[in-house]
Amino acid sequence: MTEPADSGELADKAAQLCVLLASPGESRGMPEVEAAARLASDLLRSGAPGAELAAAYDHLDRALRRAGYAGGLLRQARRTRLPGVRTHLKVAVCPGPVRCSRLERVGDIRPAPPCAVNGERMHKTRLDPAS
Numbered sequence: 003m004t005e006p007a008d009s010g011e012l013a014d015k016a017a018q019l020c021v022l023l024a025s026p027g028e029s030r031g032m033p034e035v036e037a038a039a040r041l042a043s044d045l046l047r048s049g050a051p052g053a054e055l056a057a058a059y060d061h062l063d064r065a066l067r068r069a070g071y072a073g074g075l076l077r078q079a080r081r082t083r084l085p086g087v088r089t090h091l092k093v094a095v096c097p098g099p100v101r102c103s104r105l106e107r108v109g110d111i112r113p114a115p116p117c118a119v120n121g122e123r124m125h126k127t128r129l130d131p132a133s
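Okay, so the sequence shown: first residue is 3 according to the numbering used here, each after it adds one.
Okay, structure coming up:
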């Protein structure tokens with residue numbers, strides 16, 4: 003038996019869906035995210051039952067995470083919304099021509115750690131959801 007969808011959580015997810023749809027270009031180039039967002043908004047407009055909406059939001063959440071949005075659908079719904087700011091994981095990767103599998107989580111302000119093999123700093127990049 004599945005738990006009934008919490009109306010507060012559904013409202014938060016609807017708010018985040020609205021923010022996502024209102025941000026021009028935020029999901030451009032991500033067909034899976036666009037399709038999942040379109041489905042969720044269609045269900046929301048049609049007055050679909052909570053369980054159906056919850057399933058659509060979960061699908062959108064997974065699509066966002068696969069596209070590199072580390073926090074998924076609720077990443078901003080519980081926090082202040084800043085237009086154009088996206089949450090994702092930044093990592094440092096090997097700077098060498100043949101890359102090793104070392105990954106270090108890094109932020110925007112601090113420099114990437116040094117690579118002892120190649121003698122230079124590692125390169126910052128966004129974590130690829132496929133890796």
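Note that beta-carbon positions come from the ideal geometry of N, C-alpha and C, so glycine has one too.
This structure is a prediction, so every number in the text was calculated from the model and none was measured.
Which of helix, strand or coil DSSP assigns to V35: In this structure, V35 counts as helix in the three-state DSSP scheme.
Determine the direct distance from the alpha carbon of P51 to that of E11, and round the result to whole angstroms. Each residue's Cα considered, the two are about 14 angstroms apart.
Just confirm the distance between the C-beta atoms of A58 and M32, as a whole number of angstroms; I'd bet it's less than 8 angstroms. Between A58 and M32, the beta carbon gap of about 17 angstroms keeps them out of contact (Cβ cut-off 8 angstroms).
Buried/exposed call for G49, threshold 16 Cβ in 10 Å: Result: exposed.
Does DSSP put R67 in a helix, a strand or coil? R67 falls in the helix class under three-state DSSP.
Return the bridge partner residues of R47 from the DSSP annotation. Within the DSSP secondary-structure output, R47 pairs in no beta bridge.
Go through its chain and collect everything with a Cβ distance to G98's Cβ below 6 angstroms, but skip five positions before and after it. Residues N120 of the same chain have their beta carbon placed closer than 6 angstroms to that of G98, with the five preceding and five following residues left out of the count.
Spatial neighbours of R101 within its chain, please: CB distance less than 7 angstroms, with the 5 preceding and 5 following residues excluded, ordered by chain position. For R101, where only same-chain residues beyond five positions count, the Cβ hits under 7 angstroms are V95.
From L23 to I111, what does the alpha carbon distance come to, in whole angstroms? Roughly 30 angstroms between the two C-alpha positions.
Span separating the alpha-carbon of R67 from that of A118: Going by C-alpha positions, R67 is about 32 angstroms away from A118.
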